[in-house]
Each structure stands twice: as structure tokens, then as C-alpha cells.
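Since the structure comes first, as C-alpha cells, the remarks are kept for the end.
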Amino acid sequence: EAGVAQSPRYKIIEKRQSVAFWCNPISGHATLYWYQQILGQGPKLLIQFQNNGVVDDSQLPKDRFSAERLKGVDSTLKIQPAKLEDSAVYLCASRGPNTGELFFGEGSRLTVL
Amino acid sequence: QKEVEQNSGPLSVPEGAIASLNCTYSDRGSQSFFWYRQYSGKSPELIMSIYSNGDKEDGRFTAQLNKASQYVSLLIRDSQPSDSATYLCAVTPWETSYDKVIFGPGTSLSVIP
């Protein structure tokens, strides 16, 4: 079974530029999560999708971050414009039915200069 | 008040000893509790889940849950250098019906040979 796929693995941008991250969850997993993990901290939930609908985006900085999951499968997280404090690893995770386990992708490491 | 709290560490134990990791949570109605392990530069992976009061054992790992005290712990017996990692406590708060998963800040464990 293929795992959660994320790309790109690394991205370096200047502040005020834009960036997009892509995630393809495990086949059949309806729930998809985007987390932000700053170095030395635990993952912080940014947004959670159930199929193609948003169920929680309370911690998403909506003035600069956006995310979509149009067909209920893969998802894109966008930051525009980026700030220095957005430097972090962006983790995508998916969860299947009847289980509490989250399966994480390898993450996308963002450096904002 | 932070939703999930952990001792930040680092926690150092000698090889073969018992490592004890602690976590407290603020939502008294929380139902699901997880321990994830995260090696440096890698993504979190689930090692234990627990849903009811008491102990749950899996090999060298034992999770303990006390809902009255809002406390969950992880014991690692016969610690090995390969156990050196950050351990993340995660909780699903009661007020959500959609399995939101909140992570603590993590505890760094170092097992000394």
C-alpha cells in the first residue's frame, strides 16, 4: 500500500513570495490533515478535511494561507505572501475509517529568507 | 491553558533502564489518546493508542491513562539507543465530532549506551 505522498520535499523562498505544497493521501482515506511543525515544537493543526469539505480551519492564518481538496483526494496548501515565521515543516497526514491512527507523509520543509 | 502539555526534556536514561514520559490534557471529555515517535528529520509514527482507563502494553511499551487526573503516560522498558527520539502525545478533544487530533510539544528522549 502506498503511503502519503508530499511534494516538494524542500523549498526556499524569499519573504513575500508564494509557495504551494501538494499532498496525496493513502487511497481510501477520507480524512486529511495539514500540520505545521516549527523546529523544536509539536505539530500544529492548520486544517482538516473530511472528503472535500473543511471540518476545521480554526488555526489557519486565512489572510495568507489557503488550502483545497477539490475532488476529495489530493490536496494543496498555499502560502501567499510568505513571512519569515512561516519557516517550518508542513506535514500532511491521512486517516482511514475505523482507526485513530494518522499516517504522515515525509513533509515539506519550507525556508523563508 | 495549552490543550496538551508534556515535559520538554531532554530526558536522558541509560540503556536498559525504564523511560517514563508524561502528558496532561485540558479537555476532560477527551476520548482518544496517542503516542507518536518522531526521529530527527522524520515524520511522526504511531506507537501506541489508548482509549480507556488503565494500562495497555505492547512489547516494551506501556501506555497508562487516568481520565480523572487527565493524565496519560508512556513507559519504555529496557530502553535502547534506537529509542532516542522525540515522543509526541496526541489527544482527540471531546467537543469535536470529526476526530481532530491535537499534539503536545513533545519530549526528547536520549538513551545513553
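For the record, the sequence lines run as chains S and E. Positions 1 to 113 (our numbering) are the ones given, in order, by the first sequence. Positions 1001 to 1113 (our numbering) are the ones given, in order, by the second sequence. For glycine and all other residues, C-beta sits at the position ideal for the given N, C-alpha and C.
Query, Result
"Taking 7 Å as the CB-CB cut-off, is glutamine 6 of chain S touching chain E?", "no"
"Does tyrosine 1036 of chain E pass the burial test, meaning 16 or more other C-beta atoms within 10 Å, or should it be called exposed?", "buried"
"Check whether the stretch 14-29 of chain S touches the stretch 70-87 of chain S, counting contact only when three or more Cβ pairs, one atom from each stretch, lie closer than 8 Å.", "yes"
"Between the stretch 59-68 of chain S and the stretch 1011-1028 of chain E, can you find at least three pairs of beta-carbon atoms closer than 8 Å?", "no"
"Taking three-plus beta-carbon pairs below 8 Å as touching, is the stretch 1064-1077 of chain E in contact with the stretch 91-111 of chain S?", "no"
"Looking at alanine 1090 of chain E and valine 1101 of chain E, is the spacing between their C-beta atoms short of 7 Å?", "yes"
"Cβ of phenylalanine 1103 of chain E within 7 Å of Cβ of glycine 42 of chain S?", "yes"
"Which residue comes first and which comes last in the beta strand (DSSP E) that contains aspartate 1058 of chain E?", "1054-1058"
"With a floor of 4 residues, list each alpha helix (DSSP H) that falls wholly inside the stretch 11-46 of chain S, ordered by position along the chain.", "none"
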